[in-house]
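*Asks:* Numbering-wise (my numbering), the sequence shown opens with residue 10 and increments by one.
Virtual Cβ for every residue (Gly too), placed ideally from N, Cα, C.
Remember, it's a predicted structure, so these values are computed and weren't measured experimentally.
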Amino acid sequence: MSSRASSDPVPFETQAHPRGALGKGVLRTGDVIVLSLASSGPTQSIAVTLAALLATVGYASFLPLLICFIPMFGIAVGYQRLNAWQPSAGATYSWVGRALNPHAGFFAGWIMLMYYCVGTTSLTIPLGTYMLSFFSNSAANNSYAVAAVGTAFDLVVLAVAALGIKLSARFQWGWAVFEYGLLVGFTVAAIAGIAGHSLHHTVPISGSWFTIGGAGGFSALVSGLLLAIFLYSGWDTAAYVGEEAEGRKAGPAAVTSVVILFVMYSVVILALQGVAPGKDMQANAANILAYAGQLIGGGFWKQVMIVAVLGGTLASLQAAIVSSSRISFAMGRDRVLPRWLGVVDDKHRTPWHATILFGRLNVVFLWASTLIGPIGQALGDIVSTLGLMAATFYLLTAGTAVWYYRQTITSSTSNLILGGVLPGLGAAFMAFVIVYSLASGSLDGVEIAFGFGLALVGLAVSFAVERVARPKPSFYSDPATSHGDRIEEELTGPGPGPA
10 MSSRASSDPV
20 PFETQAHPRG
30 ALGKGVLRTG
40 DVIVLSLASS
50 GPTQSIAVTL
60 AALLATVGYA
70 SFLPLLICFI
80 PMFGIAVGYQ
90 RLNAWQPSAG
100 ATYSWVGRAL
110 NPHAGFFAGW
120 IMLMYYCVGT
130 TSLTIPLGTY
140 MLSFFSNSAA
150 NNSYAVAAVG
160 TAFDLVVLAV
170 AALGIKLSAR
180 FQWGWAVFEY
190 GLLVGFTVAA
200 IAGIAGHSLH
210 HTVPISGSWF
220 TIGGAGGFSA
230 LVSGLLLAIF
240 LYSGWDTAAY
250 VGEEAEGRKA
260 GPAAVTSVVI
270 LFVMYSVVIL
280 ALQGVAPGKD
290 MQANAANILA
300 YAGQLIGGGF
310 WKQVMIVAVL
320 GGTLASLQAA
330 IVSSSRISFA
340 MGRDRVLPRW
350 LGVVDDKHRT
360 PWHATILFGR
370 LNVVFLWAST
380 LIGPIGQALG
390 DIVSTLGLMA
400 ATFYLLTAGT
410 AVWYYRQTIT
420 SSTSNLILGG
430 VLPGLGAAFM
440 AFVIVYSLAS
450 GSLDGVEIAF
460 GFGLALVGLA
470 VSFAVERVAR
480 PKPSFYSDPA
490 TSHGDRIEEE
500 LTGPGPGPA
């Protein structure tokens with residue numbers, strides 16, 4: 010990134026691609042949606058959550074999915090309105106920093122970088138394990154082999170991410186057709202098998218599947234809501250590619266992604282959870298989708314389902330690298346992180362240094378967690394808090410959406426609902442989940458110390474940057490005039506404000 014002062018004019022190479030800017034308008038709405046869905050990773054998420062849902066709320070999984078969908082939809086509406094104000098690769102980092110407080114904005118960016126950087130380790134290890142299990146069980150239990158295969162996968166998706174966001178979208182489109190088509194096919198086959206009694210020992214749908222009593226009571230339902238938040242999380246990737254989307258379409262794409270995820274999760278989980286009794290599903294929790302695939306279609310389809318889970322995990326890993334690189338790019342561009350993170354490759358229009366850095370960091374964490382016991386345990390403790398970090402992040406976003414548009418909330422019924430009620434409900438829901446989870450003791454002291462301790466380090470870093478960095482980043486003194494704003498306004502004019 011150039012060291013020129015923020016008030017200096019930004020030179021342009023072309024009208025479409027100003028120097029130092031990401032590739033503008035290269036993503037269509039469908040591209041943004043498929044990137045968001047990949048980040049959520051429906052197949053991989055269902056694979057690791059279905060057994061936990063059955064253990065937590067029994068067959069009443071639809072209830073937490075529905076309850077969580079309502080505030081998630083409200084938060085997505087908040088994203089849409091904030092994106093209409095400022096399409097930014099930093100998303101919540103930029104929005105919170107400008108509308109509320111620069112240090113709060115830095116904190117939001119920091120916890121999401123940690124979320125993606127540490128959280129992707131939990132994706133990369135299964136990639137190595139499951140791939141090796143096709144060939145040898147002993148190899149799948151070899152730490153060095155698992156780390157080596159995981160590294161190879163990481164480098165592949167890193168190369169795709171570095172070579173352009175359009176290539177990343179094409180990669181996601183190609184995989185989504187197979188992955189989601191397979192999920193739909195298995196869902197239809199499961200419903201037909203249950204209804205036609207062609208599958209043995211199935212569990213038919215009953216009214217208790219849709220009641221709090223059927224979920225095991227209120228406490229169990231809240232635990233199910235935590236799992237539902239995990240299932241939905243990731244759709245906010247739409248916001249991080251906002252500068253690269255056509256017009257200001259990243260916001261509507263985020264809302265669409267949440268709706269698609271709700272429909273997909275509800276139908277698929279309702280169908281697959283009934284293909285076998287709960288005790289049998291729990292006995293096969295480690296490979297529950299493969300087990301369901303075998304029951305529905307036989308041994309061949311079991312292997313196909315494993316491939317789908319692997320591919321979904323790979324797609325999630327690639328989307329995580331895209332997201333983390335955009336957040337760090339925005340922070341480097343504002344000079345609150347090293348300015349070289351704000352460098353854009355002239356040919357591929359990607360945040361080159363940021364992409365390479367976070368792809369390599371994932372490899373470092375992978376080898377550390379695989380080979381060094383204490384580090385692996387520490388990372389495991391941090392991963393246990395990632396759901397609450399995501400809830401904190403969504404809380405900040407929804408709260409900012411309400412605050413920024415507060416002057417227009419009462420101007421019409423639509424503004425009251427879209428600008429106040431829906432995002433406000435989302436913020437209140439996330440605040441409740443955070444408080445209840447901490448108060449109920451669902452996390453132990455070590456997990457809280459590791460996870461939230463590292464998050465709070467972000468605030469210390471932010472205050473240190475404000476005091477030490479020279480020249481002082483204008484993000485702290487005048488956050489309303491960020492580098493990203495000037496590029497956006499010179500190209501398309503200022504976005505709508507809360508007038």
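How many Å lie between Glu475 and Gly321 at the Cα?
*Replies:* Numbered from its first residue, the sequence shown carries residue 475 at position 466. Numbered from its first residue, the sequence shown carries residue 321 at position 312. Computed Cα separation, rounded: 40 Å.
*Asks:* Measure the Cβ-Cβ separation of Leu31 and Arg358 and say whether it is below 8 Å.
*Replies:* As a working mapping, residue 31 is identified with position 22 in the sequence shown. As a working mapping, residue 358 is identified with position 349 in the sequence shown. Yes. Within cutoff.
*Asks:* Assuming Val284 and Leu304 form a contact by the criterion Cβ under 8 Å, report the distance between their Cβ atoms to the nearest whole angstrom.
*Replies:* Residue numbering aside, residue 284 sits at position 275 when the sequence shown is read from its first letter. Residue numbering aside, residue 304 sits at position 295 when the sequence shown is read from its first letter. Yes, they are in contact, since the Cβ atoms of Val284 and Leu304 sit about 5 Å apart, within 8 Å.
*Asks:* Would you call the CB atoms of Ala399 and Tyr88 closer than 8 Å?
*Replies:* In the sequence shown, counting from the first residue as 1, residue 399 sits at position 390. In the sequence shown, counting from the first residue as 1, residue 88 sits at position 79. Against a cut-off of 8 Å, the Cβ pair of Tyr88 and Ala399 comes out as no contact.
*Asks:* Could you name the residues of the same chain whose beta carbon sits closer than 6 Å to that of Ala301, not counting the 5 residues immediately before and after it, in chain order?
*Replies:* The residue you call residue 301 lines up with position 292 of the sequence shown. Within its own chain, the residues whose Cβ lies closer than 6 Å to the Cβ of Ala301, once the five positions on either side in sequence are excluded, are Leu281 and Val284, listed in chain order.
*Asks:* In this structure, does DSSP put Leu36 in helix, strand or coil?
*Replies:* As a position in the sequence shown, residue 36 is number 27, starting the count at 1. Strand.
*Asks:* So what's Ala61 in DSSP terms, helix, strand or just coil?
*Replies:* Taking the first residue of the sequence shown as 1, we reach residue 61 at position 52. DSSP places Ala61 in helix when its eight states are reduced to three.
*Asks:* What do you reckon, are the CB atoms on Phe461 and Thr394 nearer than 8 Å?
*Replies:* Residue 461 sits at position 452 when you count from the first residue of the sequence shown. Residue 394 sits at position 385 when you count from the first residue of the sequence shown. Result yes, Cβ atoms of Phe461 and Thr394 sit closer than 8 Å.
*Asks:* Tell me the residue span of the alpha helix (DSSP H) that contains Arg107.
*Replies:* Looking up residue 107 in the sequence shown gives position 98. Start and end: Thr101 to Ala108.
*Asks:* Of the residues Cys126, Gly173, Asn150 and Trp182, which one's Cα is nearest the Cα of Asp354?
*Replies:* Within the sequence shown, the letter at position 345 stands for residue 354. Residue Gly173 is the option with its Cα nearest to Asp354.
*Asks:* Fully enclosed by the segment 218-269, which alpha helix (DSSP H) runs are 4 residues long or longer?
*Replies:* If one requires a minimum length of 4 residues, the alpha helix (DSSP H) runs lying completely within the segment 218-269 are 227-241 and 246-249, in chain order.
*Asks:* Find the nearest neighbour of Tyr445 within the set Val169, Gly428 and Phe227, judged by alpha-carbon distance.
*Replies:* Within the sequence shown, numbered from 1, the residue matching residue 445 stands at position 436. It is Phe227.
*Asks:* Excluding the 5 residues preceding and the 5 following Cys126 in the sequence, name in chain order all residues of the same chain whose CB lies nearer than 8 Å to its CB.
*Replies:* Residue mapping note: residue 126 aligns to position 117 of the sequence shown, counting from 1. If we look at Cys126 and ignore the five residues flanking it on each side, its Cβ neighbours are Ser333, Phe367, Leu370, Asn371 and Phe374.
*Asks:* The alpha helix (DSSP H) with Asp163 in it runs from where to where?
*Replies:* Position 154 of the sequence shown, counting from 1, holds the residue named residue 163. Segment Ser152 to Ala171, the alpha helix (DSSP H) holding Asp163.
*Asks:* Going by DSSP in three states, Gln312 sits in which element: helix, strand or coil?
*Replies:* Within the sequence shown, the letter at position 303 stands for residue 312. Gln312 carries a helical assignment under DSSP once its states are collapsed to helix, strand and coil.
*Asks:* Is the segment 251-271 touching the segment 31-50 in the sense that three or more CB pairs, one from each, lie closer than 8 Å?
*Replies:* yes
*Asks:* What is the rounded straight-line gap between the Cα of Met140 and the Cα of Ala185?
*Replies:* Here residue 140 refers to the residue found at position 131 of the sequence shown. Here residue 185 refers to the residue found at position 176 of the sequence shown. Just so you know, the alpha carbons of Met140 and Ala185 end up roughly 19 Å apart.
*Asks:* Would Val66 pass as a contact of Leu75 if the rule is Cβ separation under 8 Å?
*Replies:* Locating residue 66 in the sequence shown gives position 57, counting from the first residue. Locating residue 75 in the sequence shown gives position 66, counting from the first residue. Against a cut-off of 8 Å, the Cβ pair of Leu75 and Val66 comes out as no contact.
*Asks:* In chain order, what residues of the same chain have a beta carbon less than 7 Å from the beta carbon of Glu188, not counting five sequence neighbours either side?
*Replies:* Working through the sequence shown from its first residue, we reach residue 188 at position 179. Excluding residues within five positions, the ones whose Cβ falls inside 7 Å are Thr52, Ala317, Gly320 and Gly321.
*Asks:* For the alpha helix (DSSP H) containing Asn371, list its first residue and its last residue.
*Replies:* Residue 371 sits at position 362 when you count from the first residue of the sequence shown. Per DSSP, Asn371 belongs to the alpha helix (DSSP H) from Trp361 to Leu380.
*Asks:* Express the C-alpha separation of Leu36 and Ala113 in angstroms, rounding to a whole number.
*Replies:* Here residue 113 refers to the residue found at position 104 when the sequence shown is read from its first residue. Here residue 36 refers to the residue found at position 27 when the sequence shown is read from its first residue. Distance between the alpha carbons of Ala113 and Leu36: 30 Å.
*Asks:* So Ala328 and Thr246 are in contact, right, with Cβ under 8 Å, and what is the actual spacing, rounded?
*Replies:* Here residue 328 refers to the residue found at position 319 of the sequence shown. Here residue 246 refers to the residue found at position 237 of the sequence shown. Confirmed, Cβ separation roughly 5 Å.
*Asks:* Quick one, which of Val86, Tyr249, Ile200 and Trp119 has its alpha-carbon nearest Pro360's?
*Replies:* Position 351 of the sequence shown, counted from the start, is the residue given in the question as residue 360. It is Tyr249.
*Asks:* Considering only the beta carbon of each residue, do Ala407 and Ala263 sit closer than 8 Å?
*Replies:* In the sequence shown, the residue the question calls residue 407 occupies position 398. In the sequence shown, the residue the question calls residue 263 occupies position 254. Contact flag unset, no.
*Asks:* Just verifying my parser: in three-state terms, what is the DSSP assignment at Lys481?
*Replies:* Position 472 of the sequence shown, counting from 1, holds the residue named residue 481. Three-state result, Lys481: coil.
*Asks:* Quick check: the segment 331-347 against the segment 89-99, are at least 3 beta-carbon pairs closer than 8 Å?
*Replies:* yes
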